[in-house]
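Asks:
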Amino acid sequence: MAHLLIELFSEEIPARMQLQAARDFERLFGDKLKAQGLSWETLKAYVGPRRLALHVEGLPLEQAAVSEEVKGPKEGAPEQAMAGFLRKVGLTQDQLVLENGVWLARIEKPAKQTAEVLPGILEEVILVFPWPKSMRSGTSSFRWVRPLKRIIFLFDGAVIPFEIGGVASGNLTQGHRFLSSGEPFAVSDFKSYKQGLKDAFVVLDHAERQSIIIEKAYKVTAEAGCALMEDHGLLEEVAGLNEWPTPLLGDMDPKFLTLPPEVIKTSMRTHQKYFAVRDLSTQKMAAKFLIVSNMKAADKGAEIKRGNAKVLSARLSDGVFFWSEDNRKGNFDQWLAKLNGVTFHAKLGTMAQRVARIEALAGQLAPLLRADAGMASEAARLAKADLASYMVGEFPELQGIMGGYYAEAAKLAGDVSEAIREHYKPQGPSDSVPEGAVSAAVALADKIDTLVGFFAIDEKPTGSKDPFALRRAALGVLRILRQHNVRASLADLVALWYQTLLIYAGPNQAVYVDTENWRGSAGPRWAEGETEVYENYLRDFRAGLLESPVWVIPTDRDYDLDIKFEHVTNAPKVDNARLSFRDYRTVSAEFADFFADRLKVMLKDEGVRFDVIEAAFAAKDDDLVRTIARIRALEEVLSGKDGEALEAGFKRIANILNAETKKGAVPDHAPKVLPGAPEVEVTLVHKALSLAPTIDKQIDDERFAEALAALAALRPDIDAFLDGVLVNSEVPAERENRLALLNALRRLMDSVADLSKLA
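For the sequence shown, counting from 1, position 680 maps to 667 in my numbering; every step adds exactly one.
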């Protein structure tokens, strides 16, 4: 068994690409080795600022011989088919074997020396390497993340001849750009390679560099009475920027501590790659910072710390200016005015239009979260204002956070400030859900506007593509609905969004049509029954004679929400004439399917059985909180003593009805007690008829577990009935009544969940 060492030495690789590059190198090279029939003991990639390396232990010195059998056409197949097969396998017909009327090609691949196979593997991997961005250097057409300088290609201690992009393989590499001598040195195996780099001030392993940073950072901060404010993303990045990491603790001017801590931390992280530090005595941010240097300085880093402190002061001075300017009186109104000139999306209008929609939605959704509607509307109106502030312009990642600070400085209500700060939450599975009712209402409104808006312009996620992060937004909506027990159907949420379009429409910009009362909104108004005027309006619009769009919103269904436009009185008047959206019914159906898929994914991640999820979803209840309650109830009952009885009873009924369905329609009328009916039949009819209203009441009260338990309790009576009578009686009336009884029982079970979906 032999060892393989590869190093691709280049100019500096961007830190954000390094860890994925190591994973890709391992995956691609391992797949190519397997395809060549080569096994190994260990395979590990290493990555740093200037090198991507791979070490493979336990490779055989030669491949195993391979015998492959390929099926060809049948005997007597057309001549063209046979000719194509012969070209494919590279044989003549007399080299084929005829077995059971089928031509077979037996291809023998002799063993090759592993050293002969490896160059082709490395070339294929390099040429298909999935760098997010790559470049050409010089006159070569070869692309790599940065100009390639050297290649180490050692197998069993010997250099394998290889060349790509004008760079030939060898056994030389280089150490640290500044701390080492700068001269290349030779290596013979992985051990000498790793030790040689260490002697030249390079720590090869990315994970080891992270450990060094953490260990030394904890030490220098503890000596100063401070603690490192951990940031795993930044740790990964600085480990990718430094070959010889040396943490140093610098001093910051205490006057900058008057800034919000998020501003200081973001400025340090974004621009300078510094870690923030917490004072252990106050548990607040300390007037210090931790820098990870790539140098081993003779003065113990004093000059490095002084220079970096100077740069940080300049950065934070800008922050002080932004903070001061952004806190001027009346800035919220100025920022909101600026949003009229900011496009959110070409098909969804400006940020001002988006804010108006969110404001309207928040006011309507607030009662469902037991929040004050006026406060929710006000928070939603101001939630996006900080996008026009100086600070968020410099640090976009602080949007919402800075708005909360500015709201506090303007002495707005605490719930409003909190809602502005938290309305982007949750932004991922590890992020928290807003706890306050007002915050949750605004966060829900923000996500509903994003989701329904992009569905309305037909910008839905497709396959793996989700450019507007709608799947993440949907999971955020689900978490808010679940945590705050929001009882609203998805259809209602879509309808609410479409109706917000009318709330802020300007004069003659939109017409709202109530299918019961025909009324206008924000434009011409018609009395009840004057449908001819509306029809003429719609005709002219479709003919292109009018620029004003028309939305037709159906209100002929019983919505759970009592929707009243009058609740929103301060909505801004925004020109909405140029926006057009897809039909409400189409969007509503797609929206429901999309959320069903997201909820299924969420529940499967929580460990819920897939068949249980499918059984509950078959009830087609678009109240997601209620659907989850069904799922949990079914899960609970199936895991208990009633589960077996419930499934067995349903299965016996379903088997008979499924067989009868193949013969024709099954009776669906209510069963009754026929004269002379056996006692077991009479008992089951009475129980089915008396249980039906009970089950309906339990479902209405969302006591699904009780309903399932009641159905499971029928098992003895179902068994006694099916064992004691002949369902397919020769007497037509008996047969019809008994099938109707079984069908009635199945409908009762299906009203809770479709048990046929259970595995």
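We put the CB at the ideal spot given by N, CA and C, even for glycine.
For clarity, every value in this text was computed on a predicted model and none was experimentally measured.
Just to confirm, are Val420 and Ile345 a CB contact at a threshold of 7 Å?
Replies: Going by C-beta atoms, Val420 is not nearer than 7 Å to Ile345.
Asks: Would you kindly check if the distance between the Cβ of Ser124 and the Cβ of Pro117 is under 7 Å?
Replies: Not closer than 7 Å, so no.
Asks: How is the beta strand (DSSP E) around Glu44 delimited, first residue to last?
Replies: Segment Arg38 to Leu46, the beta strand (DSSP E) holding Glu44.
Asks: Considering Tyr33, what are the terminal residues of the beta strand (DSSP E) in which it resides?
Replies: Note, Tyr33: beta strand (DSSP E), Thr29 to Gly35.
Asks: Assuming Ser784 is part of the beta strand (DSSP E), what are its boundary residues?
Replies: Here the chain covers residues -12 to 746 and nothing more, so residue 784 does not appear.
Asks: Count the CB pairs spanning the region 275 to 292 and the region 355 to 366 that are closer than 8 Å, and state whether there are at least three.
Replies: Result no; under three Cβ-Cβ pairs closer than 8 Å.
Asks: Return the bridge partner residues of Asp610 from the DSSP annotation.
Replies: In the DSSP output, where bridge partners are listed per residue, Asp610 has Ser476.
Asks: What are the boundary residues of the alpha helix (DSSP H) that includes Gly237?
Replies: No alpha helix (DSSP H) holds Gly237; the beta strand (DSSP E) holding it covers Thr233 to Asp238.
Asks: In whole angstroms, give me the CA-to-CA distance for Ser738 and Ala606.
Replies: Taking the straight line from one Cα to the other gives about 7 Å.
Asks: How should Arg256 be labelled, buried or exposed, when 16 other C-beta atoms within 10 angstroms of its C-beta is the threshold for buried?
Replies: Looking at its Cβ environment, which holds 16 or more other Cβ atoms inside 10 Å, Arg256 is buried.
Asks: Quick check on His747: does DSSP put it in helix, strand or coil?
Replies: Examination of residue 747 is not possible in this model, given that the chain is present from -12 through 746 alone.
Asks: Whole beta strand (DSSP E) runs in the region -12 to 15 with 3 or more residues, listed along the chain?
Replies: -11 to -3, all fully within the region -12 to 15.
Asks: In this structure, does DSSP put Thr253 in helix, strand or coil?
Replies: Correct three-state label for Thr253: helix.
Asks: List the residues that DSSP assigns as beta-bridge partners of Arg137.
Replies: Phe(-4), per the DSSP bridge assignment.
Asks: For the alpha helix (DSSP H) that contains Phe441, what are its first and last residues?
Replies: From DSSP, the alpha helix (DSSP H) with Phe441 extends over Ala424 to Ala443.
Asks: Using the Cα positions of His656 and Ala707, report the straight-line distance between them to the nearest angstrom.
Replies: Answer to the nearest angstrom: the Cα atoms are 22 Å apart.
Asks: Thinking Pro106 and Ile147 are a contact (beta carbons under 8 Å), I'd like their distance in whole angstroms, please.
Replies: Contact flag correct, Cβ pair sits at about 6 Å.
Asks: How many whole angstroms separate the CB atoms of Leu15 and Pro47, which I take to be in contact at a CB cut-off of 8 Å?
Replies: With a Cβ gap of about 20 Å, Leu15 and Pro47 do not count as contacting.
Asks: Shorter than 7 Å from the beta carbon of Ala209 to some beta carbon of chain B?
Replies: You won't find chain B in this structure, because it holds only one protein chain.
Asks: Kindly list the residues whose CB is nearer than 6 Å to the CB of Pro658, restricted to its own chain and excluding five residues on each side of it in sequence; keep chain order.
Replies: Counting only Cβ-Cβ distances below 6 Å, and skipping sequence neighbours, we find Val672, Asn724, Ala727, Leu728 and Ala731.
Asks: Using 10 angstroms around the beta-carbon of Phe165, count the other beta-carbons present and answer buried if the total reaches 16, otherwise exposed.
Replies: Under this definition Phe165 is an exposed residue.
Asks: Terminal residues of the continuous beta strand (DSSP E) containing Met272?
Replies: Its beta strand (DSSP E) spans residues Met272 to Ser280.
Asks: Check this for me: beta carbons of Arg38 and Phe(-4), under 7 Å apart or not?
Replies: Yes, they are a contact pair.
Asks: Grab me the residues of Ala68's own chain with a C-beta within less than 8 Å of its C-beta, minus the 5 sequence neighbours each way, in chain order.
Replies: The answer, listed in chain order, is Pro60.
Asks: In three-state terms, what does DSSP make of Asp683?
Replies: If DSSP states are grouped into helix, strand and coil, Asp683 belongs with the helices.
Asks: Three or more C-beta pairs under 8 Å: does that hold for the region 237 to 250 against the region 174 to 192?
Replies: In short, these stretches do not touch, since the Cβ pair count stays below three.
Asks: Less than 7 Å between C-beta atoms, sequence neighbours within five positions excluded: which residues of the same chain meet that for Pro448?
Replies: Cβ within range, chain order: Leu457 and Arg458.
Asks: From the DSSP secondary-structure annotation, give me the bridge partner or partners of Gly157.
Replies: Paired residue(s): Ile139.
Asks: Output the distance between the C-alpha atoms of Glu381 and Arg302, rounded to the nearest integer angstrom.
Replies: Using only the alpha carbons, I get a separation of about 11 Å.
Asks: Tell me which residues share the same chain as Ala641 and place their Cβ nearer than 7 Å to its Cβ, disregarding the 5 neighbours each side in the sequence.
Replies: Result list for Ala641: Arg733 and Ser743, in chain order.
Asks: Under 8 Å, with one C-beta from each stretch per pair, do the region 362 to 379 and the region 468 to 484 reach the 3-pair mark?
Replies: No, because fewer than three Cβ pairs between the region 362 to 379 and the region 468 to 484 fall closer than 8 Å, the two stretches do not touch.
Asks: Which partner residues of Trp131 appear in the DSSP bridge assignment?
Replies: Partner(s): Met122.
Asks: To the nearest angstrom, how far is the alpha carbon of Thr233 from that of Glu202?
Replies: Thr233 and Glu202: Cα-Cα distance of roughly 10 Å.
Asks: Return the Cβ separation of Arg93 and Val84 in integer angstroms, given the expectation that the two are a contact with Cβ distance under 8 Å.
Replies: 6 Å between Cβ atoms; contact.
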